[in-house]
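Asker:
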Amino acid sequence: MKKWNILHRQEPSRNDLMESMSISKEIGQILLNRGIESQDQVEMFTDPSLKYLRDPFLLKDMDKAVERIRQAISRKEKIWIFGDYDVDGVSSTSIMVLYFKSIGYPVDYYIPNRLEEGYGLNIEAIDHIGSQDGRLIITVDCGITSVKEVEYARGLGIDVIITDHHECQESLPAAYAVVDPKREDCSYPFEGICGCGVAFKLIHALSGNEDFYKNINRYLEIVSLATICDIMPILDENRIIVKNGMEILGQGNNIGMKALLEVCGLDGTKIKSSHLGFAIGPRINASGRLGFSNLGVDLFTSDNLQEARNLALMMDTKNTERQEVEARIHMEVEDIISKDPSYRDDKVLVVSGEDWHHGIIGIVASKVTEKYYKPCILLCEEGDIAVGSARSIKGFDIFSALYECRDYMTKFGGHQQAAGMSMEVAKIGLLREKINQIANYELDQEDLVEVIRVEYEIDQSSLNLDLVENLHLLEPFGIKNPTPYFMLRKCLLKRLMTIGRDKNHLKMVVEKDMEFDVIGFNMAHLGTDYQEGDLVDLVFQVDSNTFNNKTSLQLLLKDMRLSKPKSLYPSPYYGEIIDMMIPDKCRANKSDILSDRKDFASLENRADLNRIDDIFRLKFESEDFEGEKAINNQSLDFGESNLMLVNTINGYFRAMSDKNLYYDQKIDLICPRNIDKMALKVYNKIIVYDYLDNYEQYKNLLENIGDSDLLINYDKSDFEYLKNKFRMLEFDRKEFVVVYKKLMGINIGKIKYSQLIEVTGVNPVKLDLILRVLASENLMRYEADFERDSIDVEILPRPDIKLDLEKNKIVEYIGEDYNKFVKTYNL
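In terms of the UniProt record's numbering, the sequence shown has 807 at position 807, counting the first letter as 1, and numbering is strictly consecutive.
1) So Val223 packs on Phe200, CB below 8 Å; how close in whole Å?
2) With DSSP as the reference, label Asp386 as helix, strand or coil.
3) What does a CB cutoff of less than 8 Å around Asp502 pick up in its chain, not counting 5 residues either side in sequence?
4) Report the CB separation of Val297 from Thr163 in whole angstroms; it is logged as a contact under 8 Å.
5) With 16 as the cutoff for other CB atoms within 10 Å, does Asp16 come out buried or exposed?
6) Residues in its own chain within less than 8 Å of Leu50 by CB, not counting five upstream and five downstream?
7) Kindly list the residues whose CB is nearer than 6 Å to the CB of Lys2, restricted to its own chain and excluding five residues on each side of it in sequence; keep chain order.
8) Would Ala365 and Arg322 be called neighbours here (beta carbons separated by less than 8 Å)?
9) Nearest-angstrom Cα distance between Glu149 and Leu290?
10) By the DSSP assignment, the beta strand (DSSP E) with Gly782 in it spans what residues?
11) Could you spell out the range, first to last residue, of the alpha helix (DSSP H) harbouring Cys196?
12) Taking the alpha-carbon positions, what's the Asp668 to Met678 distance?
13) According to the neighbour-count rule (16 or more other Cβ atoms, all chains shown, within 10 Å of its Cβ), is Lys590 buried or exposed?
14) Restricting to Cα atoms, I'd like to know which of Arg391, Leu661 and Gly120 is closest to Ile360.
15) Who does Arg453 pair with in a DSSP beta bridge?
16) On the criterion of 16 or more Cβ atoms from any shown chain inside 10 Å, does Ala308 qualify as buried, or is it exposed?
17) Smallest Cα separation from Glu442: which of Gly414, Ile193 and Lys374?
18) In whole angstroms, give me the CA-to-CA distance for Asn632 and Leu7.
19) Tell me the DSSP bridge mates of Gly520?
20) Using 8 Å for Cβ pairs, my map puts Val263 next to Asp316. What's the rounded Cβ distance?
21) Quick check for students: name the residue ranges of the beta strand (DSSP E) that lie wholly in the stretch 317-395, counting only runs of 3 or more.
22) Identify every residue that forms a DSSP beta bridge with Lys258.
23) Please determine if the stretch 386-401 and the stretch 96-113 are in contact, where contact requires at least 3 C-beta pairs separated by less than 8 Å.
24) Count the other CB atoms, across all protein chains shown, that sit within 10 Å of the CB of Ala655; report buried if there are 16 or more and exposed otherwise.
25) Select from Arg68, Glu532, Arg406 and Leu492 the residue whose C-alpha is nearest the C-alpha of Ile161.
26) Is the stretch 103-115 close to the stretch 76-88, with three or more CB pairs under 8 Å?
27) Helix, strand or coil, according to DSSP, for Glu149 in the structure here?
28) My guess is that Pro48 and Ser273 are in contact by the Cβ rule of under 8 Å, so how many angstroms apart are they, rounded?
29) Three Cβ pairs or more, each shorter than 8 Å: is that satisfied between the stretch 642-652 and the stretch 710-724?
30) So Ile144 and Cys168 are in contact, right, with Cβ under 8 Å, and what is the actual spacing, rounded?
31) Which partner residues of Thr163 appear in the DSSP bridge assignment?
32) Below 7 Å CB to CB, which residues in the same chain sit around Lys427 once its five sequence neighbours on both sides are set aside?
33) Can you look up Leu463 in the DSSP assignment and give me helix, strand or coil?
34) Taking the alpha-carbon positions, what's the Leu313 to Gly265 distance?
35) Can you tell me the Cβ-Cβ gap for Leu756 and Leu767, rounded? I've got them flagged as a contact below 8 Å.
36) In angstroms with no decimal places, state the Cα-to-Cα distance between Val539 and Asp211.
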């Protein structure tokens, strides 16, 4: 389950500044969530101007790079642009070629074939450039780790200028100039520009301010595409570039971009950052991944519209091929992970296979990381050598981790969230072991749970096309300016289906006063836990969908969960819920839940019967009580220590739902069975999610509460859940017999717990109770692992005397609890 971090835990706030600037409260709250509060901040964020672009000569070695390029031009030396094969590299190469074309100086370019040469500068490419009389190589989006290759080029009399944005290793290449904002000795104020951004700064430096700003539209579309697709932070110069680039996207400044938009069906559409990342970028990437990177450069540098259209169509075909290969590899990776239980405990998933297209594995690694929220390294084995791609999660620097594993690899490079490498197949196991040792040290289990930033819980009446339109004000979205997500509770799931050629997308219709269409791309696996008729909570982004010339609202799903579970099993919390439902007296060797809190004997006896009467009168007698729940009507200002009391399955799930929203607060969640022994005074707030079992528990709660704030978070409709709890624990000898006979058929062995529930027809809580009773009578031994849906059973020899299970101590204890419940509530 993902964590939902609600940034603003009330409705959007009215703000005088936002109103004066004609910004709606919904959009204004999102700006406030991002720390944009003053008029200057709002104006700069909503209207970033090109005038704020920085002086390119602030980049270390930029002056040397410009000097050497001008020298090459004056000497009429052959210049080669050497790029990478992804969107950033293709874009970088393209704008450099466009610049030299604009000044009438011919240059050649070289992008290595991903399948045959791999990433970055290589000896064969340098030899080829040398054979063509090349005397200056300008790398774009690569080269920062090419120490040996640069030295080789120098030996051939070829100078190298490196422009890159990737992380630097111990030694920089001995190039003529190394322009990289991540150099330790570079004081450039913003490190977040992509490779194409660095090339853009080089063009600025070569052009001078007047010519640069005069011709800036020649490059802006392409640089904005690269910035989005390389997942750069959309802040500072990146926001300026992308915001202005998207405003002119497809308007004819670049013929190739216009043709690509036509192929994507986006011609004439208002372009959003999502179009760049999910429609345009993948088509360029697909060509590079399949070994045709030149298509992208030829497209963006074309002067002929028909030629550009033909190239765009070819790229679209390559993208279809890529999708087919990707689906096959993804299926095989999932099969490997599911069949090897050791991956369950690994914090970094290192998976290898044969006949995988190593141009595609990076995309699959991203999907695996997104699904499991674990760093992932996928390696394609080709004989004795493996080529791999890595993707990571927030908080785990994959480049640094690989650097510590560098002895196992022949080559690697990248940045914090993505990397590539090559290595011997024989060392894959060593890499897996070493990188997981690093991850075990750096990552806690909580780090492996994705945190979704939710702006606020939105009112369904605010979900309309006007909101979609208003959100464009905040674009472009990306790292550090993420796509806004909203939350909606208690939606009725009316329709649920999987769609797409491979049935890997989830489509739903939900209702909350009105119906909403919901689509979850690549989230078909999420739908297996739900069925029509469920009440669900959703986290989503809002978008529009146009079909048959009709535009409607569409919610793009990020995560979902049950508002109130219709059934207990399966659940990641199954074991915890069983422990909550079964009284402590039914479990041997159970240590006191709060034994380490303080000396309970020192607590004051502060019985206040009037307060107890108030609660009973409020909950059971008042006809005016409307059932409002405290948590849902106020923003909880938690203190240093807080307690949630739960007593039923329903209360447990509601509490877990709220606790998930406040995951960054200190909150204990426990059952009130031993409330007389609990040190309640230590809590700032105590929230009660269920009716308690009996009058005695209420009395003990109020005796021990001290100055803690008490919040009631249940109403009359929730009383049915308490009654149902006792129904589930009611003694039925026939059920004991059924379970025992089924277990005798197993005798010894391990089976799925869910299978045992199915064959016995007994509810999970009752089944667990029966197992405890049978074990206490020495009829069996068992060990259950709810997380892995497993139970290990051993049937013991039956005693000579007939057992009277109604006199079993566990059954008697439950009977006593039931009698107190009946007496308390006068049933």
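Every residue gets a Cβ at the ideal spot worked out from N, C-alpha and C, and that includes glycine.
Quick caveat: nothing in here was measured; it's all calculated off a predicted structure.
Answerer: The structure says:
1) In the sequence shown, the residue the question calls residue 223 occupies position 223. In the sequence shown, the residue the question calls residue 200 occupies position 200. Confirmed, Cβ separation roughly 5 Å.
2) Mapped onto the sequence shown, residue 386 falls at position 386. Note that residue 386 is Ala in the sequence shown here, rather than Asp. The answer is strand: DSSP assigns Ala386 an E or B state.
3) Indexing the sequence shown from 1 puts residue 502 at position 502. Excluding positions up to five away in sequence, the list reads Ala327.
4) By one-based count along the sequence shown, residue 297 stands at place 297. By one-based count along the sequence shown, residue 163 stands at place 163. Between Thr163 and Val297 the Cβ distance is about 16 Å, and since that is not below 8 Å, they are no contact.
5) Numbered from its first residue, the sequence shown carries residue 16 at position 16. By the 10 Å Cβ count, Asp16 comes out exposed.
6) Taking the first residue of the sequence shown as position 1, residue 50 is located at position 50. Excluding residues within five positions, the ones whose Cβ falls inside 8 Å are Tyr213, Ile216, Ile240 and Asn244.
7) On the sequence shown, residue 2 is found 2 positions in, with the first residue counted as 1. Result list for Lys2: Glu450, Ile452 and Asp559, in chain order.
8) In the sequence shown, counting from the first residue as 1, residue 365 sits at position 365. In the sequence shown, counting from the first residue as 1, residue 322 sits at position 322. No, they are not a contact pair.
9) Here residue 149 refers to the residue found at position 149 of the sequence shown. Here residue 290 refers to the residue found at position 290 of the sequence shown. C-alpha separation (whole angstroms): 25 Å.
10) As a first step, residue 782 must be located in the sequence shown, where it is residue number 782. The residue asked about is misnamed: residue 782 is Tyr in this sequence, not Gly. Run containing Tyr782: Met780 to Asp785, per the beta strand (DSSP E) assignment.
11) Counting from one through the sequence shown, the residue named residue 196 turns up at place 196. That run of the alpha helix (DSSP H) goes Gly195 to Ser207.
12) In the sequence shown, residue 668 corresponds to position 668, counting from 1. In the sequence shown, residue 678 corresponds to position 678, counting from 1. So the alpha carbons of these two residues sit roughly 12 Å apart.
13) In the sequence shown, counting from the first residue as 1, residue 590 sits at position 590. In this predicted model, Lys590 has a pLDDT of only 30, less than 50, meaning its place in the structure is not dependable; the value taken from the coordinates is given anyway. Counting Cβ neighbours within 10 Å, Lys590 comes out exposed, since fewer than 16 surround it.
14) Numbered from 1 along the sequence shown, position 360 holds the residue referred to as residue 360. Among Arg391, Leu661 and Gly120, the Cα nearest to that of Ile360 belongs to Arg391.
15) On the sequence shown, residue 453 is found 453 positions in, with the first residue counted as 1. Asn5.
16) Locating residue 308 in the sequence shown gives position 308, where the first residue counts as 1. Answer is buried; the Cβ neighbour count reaches 16.
17) As a working note, residue 442 is residue 442 in the sequence shown. It is Lys374.
18) As a working note, residue 632 is residue 632 in the sequence shown. As a working note, residue 7 is residue 7 in the sequence shown. Confidence at Asn632 is low in this model, with a pLDDT of 41, below 50, so the placement of that residue is unreliable and no value is reported for it.
19) Indexing the sequence shown from 1 puts residue 520 at position 520. DSSP output for Gly520 lists Leu506 as bridge partner(s).
20) Reading the sequence shown from its first residue, position 263 is the one you call residue 263. Reading the sequence shown from its first residue, position 316 is the one you call residue 316. With 8 Å as the limit, Val263 and Asp316 qualify as a contact, their Cβ atoms being about 5 Å apart.
21) 349-354, 376-382 and 385-391
22) Residue mapping note: residue 258 aligns to position 258 of the sequence shown, counting from 1. None; Lys258 has no bridge partner.
23) no
24) Residue mapping note: residue 655 aligns to position 655 of the sequence shown, counting from 1. Ala655 comes out buried.
25) As a position in the sequence shown, residue 161 is number 161, starting the count at 1. Here the closest residue by C-alpha is Arg68.
26) yes
27) For the purposes of this step, residue 149 is identified with residue 149 of the sequence shown, where counting begins at 1. Three-state result, Glu149: helix.
28) Taking the first residue of the sequence shown as 1, we reach residue 48 at position 48. Taking the first residue of the sequence shown as 1, we reach residue 273 at position 273. Rounded, the Cβ-Cβ distance is 14 Å, inconsistent with contact.
29) yes
30) Working through the sequence shown from its first residue, we reach residue 144 at position 144. Working through the sequence shown from its first residue, we reach residue 168 at position 168. Yes, they are in contact, since the Cβ atoms of Ile144 and Cys168 sit about 6 Å apart, within 8 Å.
31) Against the sequence shown, residue 163 aligns to sequence position 163. In the DSSP output, where bridge partners are listed per residue, Thr163 has Val140 and Val179.
32) The residue labelled residue 427 in the question sits at position 427 within the sequence shown. Once the five neighbours on either side are set aside, the close Cβ partners of Lys427 are Tyr408.
33) Translated into the one-based positions of the sequence shown, residue 463 becomes position 463. The answer is coil: DSSP assigns Leu463 none of H, G, I, E or B.
34) Position 313 of the sequence shown holds residue 313. Position 265 of the sequence shown holds residue 265. Roughly 12 Å separates the two Cα atoms.
35) Counting from 1 along the sequence shown, the entry for residue 756 is found at position 756. Counting from 1 along the sequence shown, the entry for residue 767 is found at position 767. The Cβ separation is near 7 Å, so the contact holds.
36) Numbered from its first residue, the sequence shown carries residue 539 at position 539. Numbered from its first residue, the sequence shown carries residue 211 at position 211. So the two alpha carbons sit approximately 47 Å from each other.
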